[in-house]
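Student: Let me begin by handing over the structure; questions about it come next.
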Amino acid sequence: MLGRLLAVLAYLSLSTDLAQVQPTRAGSDGSSGNPFAYDDANESVAFESDHDVPITPLESTDGRRRLRVVIITEDDPLYVIEFFRVFFDEFPCGEIEVCGMTIDRAFHEPLQHTLLRMMRFYGWFGTFFQGVRFVKAKVSRSTIASLADEHGVTVLETESVNDRAYLDRVRSLRPDLIASVAGPEIFSSDLLELAPLGCINVHSGRLPTYRGMLPCFWQMVRGEPEVTITVHRMVEKLDAGDILATQAFPIRASDSLDRVIRGTKRAGARLFIEVLRDLRTGVAQGTPLDWSKAGYFRFPNSTDVRKFRRRGHKLL
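What follows is the structure, encoded as structure tokens:
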């Protein structure tokens, strides 16, 4: 029973991943103007959107009001937490305001399916090891929720980010932008269109080649020299929106998936901050995906893991 519980807990840490090091700017998306500039005539915010919600300018360091962001993520105290440790430590609070955060459960599937998938990926020992790490983090309160609380960020609880009540609550916060950081649910069109600047996602794979699940693994198993972290706009089709910035994270000759995911989470947080700054100042540009290079990857099975190890890599 304990092994079964640990397996399920450990699997929650592997739902999605991201990455970064110095952002590479994408091409133009045809956007114009800066919606965050003050109107000098009356000191109100000149905001270009279809929303009739006035937003009071907040104190900042450069004469522009802060960008209001709602973040949707998952409860992962092993990997995704590395992203938020860096983000909360380094994000410019004079430029960006996290006005709400939702920490969702990692998967929506029967328990036995989760256990089977976990065992095929890690094996018994790896499953137990990851489970112990997960439980230790939970007991010590080394969690994303604890980080949010330490930084005064309101946690928005919900059964689904697409529920009407949740959408109404997020709308009441008047966010400029909604960001997915390993968010486990598919966003509805209502959620995608709720904020004036839409939604963005941090993905740890080159798009559109490495769309889908666990992109760090697939880039390693296919012999890529680096993981490409991508921040992109979100549309109804998964991992298909315009690219806002990319970042390369080198893969070593004999590397571990554990190290790569942790590293790309930390790097991805810094890339995310750069994109938020660009969106706030109106210089963010988007590049459409080249669909001639499109791919899509599922969660790996035991055969995929054997190929991964033949590359000289290890999981942990």
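Mapping to the numbering used here: the sequence shown position 293 is 356, numbers consecutive.
We put the CB at the ideal spot given by N, CA and C, even for glycine.
By the three-class DSSP mapping on this structure, what secondary structure does residue 265 have?
Tutor: Residue mapping note: residue 265 aligns to position 202 of the sequence shown, counting from 1. Three-state DSSP puts residue 265 in a strand.
Student: Quick one: measure Cβ to Cβ for residue 211 and residue 164, integer angstroms, because I've assumed they're closer than 8 Å.
Tutor: Your numbering for residue 211 matches position 148 in the sequence shown. Your numbering for residue 164 matches position 101 in the sequence shown. Confirmed, about 5 Å.
Student: When the Cα atoms are used, what is the spatial distance from residue 200 to residue 209?
Tutor: Here the question's residue 200 lines up with position 137 in the sequence shown. Here the question's residue 209 lines up with position 146 in the sequence shown. Approximately 11 Å, taken between the alpha carbons.
Student: Counting along the chain, where does the alpha helix (DSSP H) carrying residue 342 start and finish?
Tutor: Position 279 of the sequence shown, counted from the start, is the residue given in the question as residue 342. According to the DSSP assignment, residue 342 belongs to the alpha helix (DSSP H) that extends over 320-344.
Student: Between the C-alpha atoms of residue 247 and residue 219, what's the straight-line distance to the nearest angstrom?
Tutor: In the sequence shown, residue 247 corresponds to position 184, counting from 1. In the sequence shown, residue 219 corresponds to position 156, counting from 1. C-alpha separation (whole angstroms): 15 Å.
Student: Per DSSP, residue 272 is paired with what?
Tutor: Against the sequence shown, residue 272 aligns to sequence position 209. DSSP output for residue 272 lists no bridge partner at all.
Student: Taking DSSP's pairing of strands, which residues face residue 291 in a bridge?
Tutor: Position 228 of the sequence shown holds residue 291. Answer by DSSP bridge pairing, in chain order: 311.
Student: Give the single residue among 315, 282, 252 and 273 whose Cα lies nearest to the Cα of residue 353.
Tutor: Position 290 of the sequence shown, counted from the start, is the residue given in the question as residue 353. Selected option, being the one with the closest Cα: 273.
Student: What is the rounded straight-line gap between the Cα of residue 179 and the Cα of residue 189?
Tutor: For the purposes of this step, residue 179 is taken as the residue at position 116 of the sequence shown. For the purposes of this step, residue 189 is taken as the residue at position 126 of the sequence shown. Taking the straight line joining both Cα atoms gives about 13 Å.
Student: Is the separation between the beta-carbon of residue 292 and that of residue 327 shorter than 8 Å?
Tutor: Start at 1 with the first residue of the sequence shown, and residue 292 comes out as number 229. Start at 1 with the first residue of the sequence shown, and residue 327 comes out as number 264. A contact, by the Cβ cut-off of 8 Å.
Student: Can you tell me which of the three DSSP states residue 126 falls into?
Tutor: Indexing the sequence shown from 1 puts residue 126 at position 63. Coil, per DSSP.
Student: Expressed to the nearest angstrom, what Euclidean distance is found between the alpha-carbon atoms of residue 157 and residue 126?
Tutor: What you label residue 157 is simply residue 94 of the sequence shown in a count that begins at 1. What you label residue 126 is simply residue 63 of the sequence shown in a count that begins at 1. One C-alpha to the other measures close to 10 Å.
Student: Let me know if residue 359 comes out buried or exposed under the rule of 16 or more other beta-carbons within 10 Å of its beta-carbon.
Tutor: Taking the sequence shown and counting its residues from 1, the one referred to as residue 359 is at position 296. Exposed, by the Cβ-count rule.
Student: Output yes or no for whether 8 Å exceeds the beta carbon distance between residue 284 and residue 371.
Tutor: Position 221 of the sequence shown holds residue 284. Position 308 of the sequence shown holds residue 371. Contact: yes.
Student: Please report how far the alpha carbon of residue 207 lies from the alpha carbon of residue 149, in whole angstroms.
Tutor: Walking along the sequence shown from the start, residue 207 turns up at place 144. Walking along the sequence shown from the start, residue 149 turns up at place 86. Computed Cα separation, rounded: 12 Å.
Student: Return the chain-ordered list of same chain residues with a C-beta closer than 8 Å to the C-beta of residue 279, the five sequence neighbours on each side being excluded.
Tutor: Taking the sequence shown and counting its residues from 1, the one referred to as residue 279 is at position 216. Cβ neighbours of residue 279 beyond the five flanking positions: 80, 82, 267, 268, 290, 320, 323, 324 and 327.
Student: With distances taken between CB atoms, is the gap from residue 379 to residue 192 smaller than 8 Å?
Tutor: Looking up residue 379 in the sequence shown gives position 316. Looking up residue 192 in the sequence shown gives position 129. It is a contact, given that the beta carbons lie within the stated cut-off.
Student: I'd like to know whether the C-beta atoms of residue 133 and residue 241 end up nearer to each other than 8 Å.
Tutor: For the purposes of this step, residue 133 is taken as the residue at position 70 of the sequence shown. For the purposes of this step, residue 241 is taken as the residue at position 178 of the sequence shown. Yes, Cβ-Cβ distance for residue 133 and residue 241 is below 8 Å.
Student: With which residues is residue 242 paired in a DSSP beta bridge?
Tutor: As a working mapping, residue 242 is identified with position 179 in the sequence shown. In DSSP, residue 242 forms a bridge with 134 and 263.
Student: Let me know if residue 195 comes out buried or exposed under the rule of 16 or more other beta-carbons within 10 Å of its beta-carbon.
Tutor: Sequence index remark: in the sequence shown, residue 195 carries index 132 (1-based). So residue 195 counts as exposed.
Student: With distances taken Cα to Cα, identify the nearest neighbour of residue 337 among 369, 265, 365 and 141.
Tutor: Mapped onto the sequence shown, residue 337 falls at position 274. Answer by Cα proximity: 265.
Student: Counting C-beta neighbours from all protein chains within 10 Å, is the total for residue 418 16 or more, i.e. buried, or is it exposed?
Tutor: Since the first and last residues shown for the chain are 64 and 379, residue 418 lies out of range.
Student: Cutting at 8 Å between CB atoms, please list the residues of its own chain near residue 213, excluding the five before and the five after it.
Tutor: Here residue 213 refers to the residue found at position 150 when the sequence shown is read from its first residue. Result list for residue 213: 151, in chain order.
Student: Beta-carbon within less than 6 Å of residue 131's beta-carbon, same chain only, minus the 5 sequence neighbours each way: which residues are those?
Tutor: Within the sequence shown, numbered from 1, the residue matching residue 131 stands at position 68. The residues are 160, 162, 238 and 239.
Student: By the 10 Å Cβ neighbour count, where 16 or more other Cβ atoms means buried, how is residue 128 classified, buried or exposed?
Tutor: For this step, residue 128 is matched to residue 65 along the sequence shown. Looking at its Cβ environment, which holds 16 or more other Cβ atoms inside 10 Å, residue 128 is buried.
Student: For residue 296, list the residues DSSP reports as bridge partners.
Tutor: Working through the sequence shown from its first residue, we reach residue 296 at position 233. In DSSP, residue 296 forms a bridge with 263.
Student: Among 369, 329 and 309, which one has its Cα closest to the Cα of residue 349?
Tutor: If you number the sequence shown from 1, residue 349 lands on position 286. Residue 309 is the option with its Cα nearest to residue 349.
Student: Buried or exposed: where does residue 243 fall if 16 or more other Cβ atoms within 10 Å of its Cβ makes it buried?
Tutor: Against the sequence shown, residue 243 aligns to sequence position 180. So residue 243 ends up on the buried side.
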